[in-house]
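Here's the structure we're looking at; comments come further down.
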Amino acid sequence: DAGVIQSPRHEVTEMGQEVTLRCKPISGHNSLFWYRQTMMRGLELLIYFNNNVPIDDSGMPEDRFSAKMPNASFSTLKIQPSEPRDSAVYFCASSPQGVGGTDTQYFGPGTRLTVL
Amino acid sequence: GQQLNQSPQSMFIQEGEDVSMNCTSSSIFNTWLWYKQDPGEGPVLLIALYKAGELTSNGRLTAQFGITRKDSFLNISASIPSDVGIYFCAGSLQGAQKLVFGQGTRLTINP
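As given, the protein sequences belong to chains D and R, one line each in that order. In case it helps, our numbering puts the first sequence at residues 1365 to 1480. In case it helps, our numbering puts the second sequence at residues 2 to 112.
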């Protein structure tokens, strides 16, 4: 079975440019999470969705960050305009609902973003 | 905010040795998860624990959900080179869907 799919795997852009990261969750999973990982701050939850609805976006650092989930099989994380301090690895994770399953998250391979 | 204290931060061991790492929390957790992350990849789920006192194995890996529900440990027996990586604990509070992650334990193995 396919796991969580993220694209692109690597992104290099210049400061001020718009960046869009994409995620396809595991089929049948109802929850989707966006994380950012840096050496200094570790794994940080940015936002998560249940059944395509944003539930908690308290981790989104600034208004420059936005996330959407138009359907159950696709989500985007957009940064506009991007800044060098946004450089990090961004992970998408999905989780099934159900007994013992709601809390178990499965991660994608990540997108390494470098903003010059 | 909620934090998990994971220790040790790093370990340098010889191949074949056993490894032990743990996580503690100031709050009661409903779920404990252990992940491993290889360079350039996302965290991969190793073991999930859902009940206090639960002891679960996955090959050479064994993890336990502490009785107090505030801690968990992961043991790796007879380490091999492919065990190298960063291990993360994660937990969720009762009724919460968000995971809190530990800072990670970086495991290095000398052949």
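Cβ coordinates follow ideal geometry from the N, Cα and C atoms, glycine included.
The residue from 18/R, 20/R, 48/R, 22/R with its alpha-carbon nearest to that of residue 32/R is 48/R. In chain order, 43 make up the part of chain R whose C-beta sits under 7 Å from the C-beta of residue 1455/D.
Nearest C-alpha to residue 1408/D among 107/R, 102/R, 110/R: 102/R. Residue 1409/D reaches chain R at 99, 100, counting residues in chain order whose Cβ is nearer than 8 Å. Using beta-carbon distances, residue 1414/D counts as an interface residue toward chain R, with a partner under 9 Å. For chain R, the residues of the segment 1388–1401 of chain D that bring a beta carbon within less than 7 Å of one of its beta carbons are 1395, in chain order. When the Cα atoms are used, residue 65/R and residue 1423/D turn out to be separated by approximately 30 Å. Cβ neighbours of residue 1405/D within its own chain (closer than 6 Å, five residues either side excluded): none. A distance below 6 Å between beta-carbons, with the five flanking residues on each side excluded, links residue 56/R to the following residues of its chain, in chain order: 65. Residues of the same chain with a CB within less than 7 Å of the CB of residue 1440/D, apart from the 5 flanking positions on each side, are 1384, 1385, 1386, 1431, 1432 in chain order. Interface annotation for the segment 1432–1444 of chain D against chain R: empty, criterion Cβ-Cβ distance under 7 Å. One thing to note: residue 1417/D has its Cβ no nearer than 9 Å to the Cβ of residue 1451/D.
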